[in-house]
Amino acid sequence: MLIHPWDAPHDEAEWRDWLSRHDFGQLAVNGLPGDPPWVQPTHFRYEAEPGPYGRVLTHLARPNPLWRALEANPKVLLSVVDDYVFVPGTWTAPEGTPAEHGTPTSYYASVQLRCTAHVVDDPAEKAELLNRQVAHFQPDGGTAPAVPGEAPFGRLLSGIRVLHLEVTEVRAKFKYAGNKPQEVQDRVMERLAERDGPRDRAARSHQLRRRATG
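Quick note on numbering: the sequence shown equals residues 2 to 215 in our numbering.
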């Protein structure tokens with residue numbers, strides 16, 4: 002992922018705050034020689050500790066073909082993308098030039114976590130990590146905990162494997178026209194407010210926030 006200086010996070014807190022509000026991404030595994038990378042969409046729980054970058058918890062079904070690739074190479078990447086919009090070229094033309102000379106572009110936020118994957122098969126540890134994931138998505142409870150050997154989920158534990166992803170590096174990007182003149186940024190924000198389509202408000206808020214903190 003190319004990250005220009007004007008698209009980089011202003012500080013570590015920026016990407017951490019954004020990631021704390023996201024829990025679905027794509028896990029990419031390099032796989033076996035000659036194979037293309039495996040990419041698995043998945044819900045996950047991100048935890049800021051331990052280590053400098055924290056860890057990710059997720060689980061997959063035991064028959065998933067990704068396991069063979071993961072065993073061959075435990076170095077993986079979890080990619081999370083959101084708050085993306087298409088910006089028409091007519092919005093971005095420099096002042097004093099025809100609207101049709103503007104360049105169409107995309108705005109988006111992305112955090113990529115490079116990780117070392119650790120596969121968890123011990124039933125007790127697997128249950129504990131699985132329950133942590135469920136607690137993230139259902140903080141009010143309502144689902145029985147997974148306990149090895151006990152109903153209703155104990156017998157199902159053998160059908161999944163848990164992944165503890167140790168985050169070793171973080172690359173983050175907030176592509177919201179930080180290199181454009183203020184008058185162009187203002188025009189785009191006005192158009193986003195007028196269009197008010199999916200994610201337009203989020204993209205506009207990123208523009209405002211980053212200009213205020215940049």
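Backbone N, C-alpha and C fix where the C-beta goes; we use that ideal spot for every residue, glycine too.
The beta-carbon distance between Ala29 and Val77, rounded to whole angstroms, is 6 Å. This is short enough to meet the 8 Å contact definition. Inside the stretch 136-186, DSSP marks whole beta strand (DSSP E) runs of 3 or more residues at positions 161-176, from first to last along the chain.
Annotation for Trp39: the continuous beta strand (DSSP E) segment containing it runs 39-44.
Closest in C-alpha terms to Arg63, from the list Val57, Leu71, Arg56, comes Leu71. Residues of the same chain with a CB within less than 7 Å of the CB of Leu67, apart from the 5 flanking positions on each side, are Val30, Trp39, Gln41, Leu61 in chain order.
As the crow flies, the alpha-carbon of Gln208 is around 8 Å from that of Gln186. Residue burial annotation: Met2 is exposed, with fewer than 16 other C-beta atoms found within 10 angstroms of its C-beta. Around the CB of Ser111, 16 or more other CB atoms lie within 10 Å, so the residue is classed as buried. With 16 or more other Cβ atoms inside 10 Å of its own Cβ, Thr93 counts as buried. Looking at Glu101, Phe138, Gly90, the one whose alpha-carbon comes closest to that of Arg46 is Phe138.
Burial is judged here by how many other beta carbons sit within 10 angstroms of a residue's own beta carbon; Gln113 has at least 16 and is buried. When rounded, the separation of the alpha-carbon atoms in Leu157 and Leu131 is 12 Å. If you keep only unbroken alpha helix (DSSP H) runs of at least 4 residues inside the stretch 29-101, you get 67-73. Between the stretch 166-180 and the stretch 113-125 there are three or more inter-stretch CB-CB distances shorter than 8 Å, so the stretches are counted as touching. Between Lys127 and Val135, the CB-CB gap reaches or exceeds 7 Å. Counting along the chain, no alpha helix (DSSP H) covers Ala118; the unbroken beta strand (DSSP E) around it starts and ends at 106-121. Secondary structure note for Asp24: it is in no alpha helix (DSSP H), with a DSSP letter that is neither H nor E.
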